[in-house]
Amino acid sequence: MEIEQKQAPIIEQFIQQASTLNGPDLVKLIVEATSHHSLFAFSDILSVPNLHQLQGTESSMYIDLLRVFAYGTWTKYKSDAAHLPELVPDQAVKLKQLSVLTLAETNKDLSYDQLMAELEIANVRELEDFLINECIFVGIVKGKLNPLRRCFEVKLAAGRDVRPGQLENIMLRLTNWLNISDSTLSIIQDKTKWAETMSGDDKKHKMEVKNRLQDVKKSLRSNANIAGSFSLQFNFFWSLLFTLSMQFTVDP
């Protein structure tokens, strides 16, 4: 999606900054990154070696917070909130947006009840406003609201960071997909060869029919010529008889 392309230079900017900062400045950078309105991927920033200096300090919780933004959800944050920094409003919106993307990975019809429970949104009106203004208009997801079915029908959603351990599953799914594709390709090739064979046989049959028609036409023409010659001879014979009869007719 377009949002995924737009955030690439933003990620690179934060990586460069994180590589040169220390202590409190790194904390500020994490808060800024997790609040950025156009940033939805955080694993590359999390992997910057310079951030490791926060481990074992009072600020280590910000590393954990960045990890939640990379791989977690609003529910995960709420369950660990006692050990994590309090979120500013922009961070709260961001984490709820990321939670929608996570839900869309496994289900394209997201029920209102599920979304309100996962995002801790009180009513349908508030939920629909959030989905429209913070998800669809922002460009992280494409879909439509279905009030009758009380669900959000997702057509396309931006991808999140690959979670630890998830890569193996993705590779397995890709391998299975490739195997299915190879099998499908083999079937298509067999069908193509069969169609080519049938096409050749069909052309041969058409040529045989055409040749037979030519033979029939020739035979009909030959028979017509014979019949015509016989008709002329028959007419001449009767004309001759009539002439002779007229010559020998005697008046009474």
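Take 23 as the starting number for the sequence shown in this note's numbering and just add one per residue.
Glycine is no exception: its CB is placed at the ideal position from the N, C-alpha and C atoms.
The structure presented is a predicted model; accordingly, all values stated were derived computationally and were not measured.
Buried versus exposed, by CB contacts within 10 Å (16 or more), residue i
{"i": "GLN77", "result": "exposed"}
{"i": "VAL110", "result": "exposed"}
{"i": "PHE258", "result": "In this prediction, PHE258 scores a pLDDT of 49, lower than 50, which makes its location untrustworthy; the coordinate-derived value is nonetheless stated afterwards. When all chains shown are included, PHE258 counts as exposed."}
{"i": "ARG182", "result": "buried"}
{"i": "GLY45", "result": "exposed"}
{"i": "LEU200", "result": "exposed"}
{"i": "GLY187", "result": "exposed"}
{"i": "GLY222", "result": "exposed"}
{"i": "LEU254", "result": "Because the pLDDT of LEU254 is 48, which lies under 50, any placement of that residue in the model is unreliable, and the question is left without a value."}
{"i": "GLU24", "result": "exposed"}
Integer Cβ distance of residue i from residue j, believed to fall under 8 angstroms
{"i": "ILE33", "j": "LEU61", "result": "7 angstroms"}
{"i": "SER121", "j": "THR95", "result": "4 angstroms"}
{"i": "LEU48", "j": "PHE36", "result": "11 angstroms between Cβ atoms; not a contact."}
{"i": "VAL90", "j": "LEU106", "result": "7 angstroms"}
{"i": "LEU125", "j": "GLU140", "result": "7 angstroms"}
{"i": "ALA63", "j": "GLN29", "result": "6 angstroms"}
{"i": "VAL160", "j": "LEU178", "result": "That pair is no contact at about 13 angstroms."}
{"i": "GLU156", "j": "VAL115", "result": "6 angstroms"}
{"i": "GLU150", "j": "LEU167", "result": "6 angstroms"}
Cross-strand partners of residue i (DSSP beta bridge)
{"i": "CYS157", "result": "Paired residue(s): none; CYS157 is not in a bridge."}
{"i": "PHE174", "result": "LEU132, LEU167"}
{"i": "ALA179", "result": "VAL163"}
For residue i, the nearest candidate out of the options (CA to CA)
{"i": "GLN27", "options": "LEU235, ASP224, ALA180, GLN236", "result": "ALA180"}
{"i": "GLU175", "options": "ASP131, GLU150, ARG147", "result": "ASP131"}
{"i": "LYS118", "options": "TYR134, LEU153, THR206", "result": "LEU153"}
{"i": "PRO31", "options": "ILE202, LYS100, GLY45, ALA55", "result": "ALA55"}
{"i": "LEU87", "options": "GLN136, MET138, TYR99", "result": "TYR99"}
{"i": "ASP135", "options": "LYS226, ALA144, GLU127", "result": "ALA144"}
{"i": "SER41", "options": "ILE25, PRO169, ASN168, VAL70", "result": "VAL70"}
{"i": "MET138", "options": "ARG172, GLU108, GLY165", "result": "ARG172"}
{"i": "GLN39", "options": "ASP66, MET23, ASN233", "result": "ASP66"}
{"i": "PRO169", "options": "SER133, LEU196, ILE158", "result": "SER133"}
{"i": "ILE85", "options": "VAL53, ALA104, HIS59", "result": "VAL53"}
Any non-hydrogen atom of the ligand FAD closer than 7 angstroms to residue i Cβ
{"i": "ASP183", "result": "No copy of the ligand FAD appears in this structure; indeed no ligand is present at all."}
Using 8 angstroms as the cut-off, can you tell me whether the region 212 to 230 makes contact with the region 81 to 101, which would need three or more C-beta pairs spanning the two stretches below that distance? no
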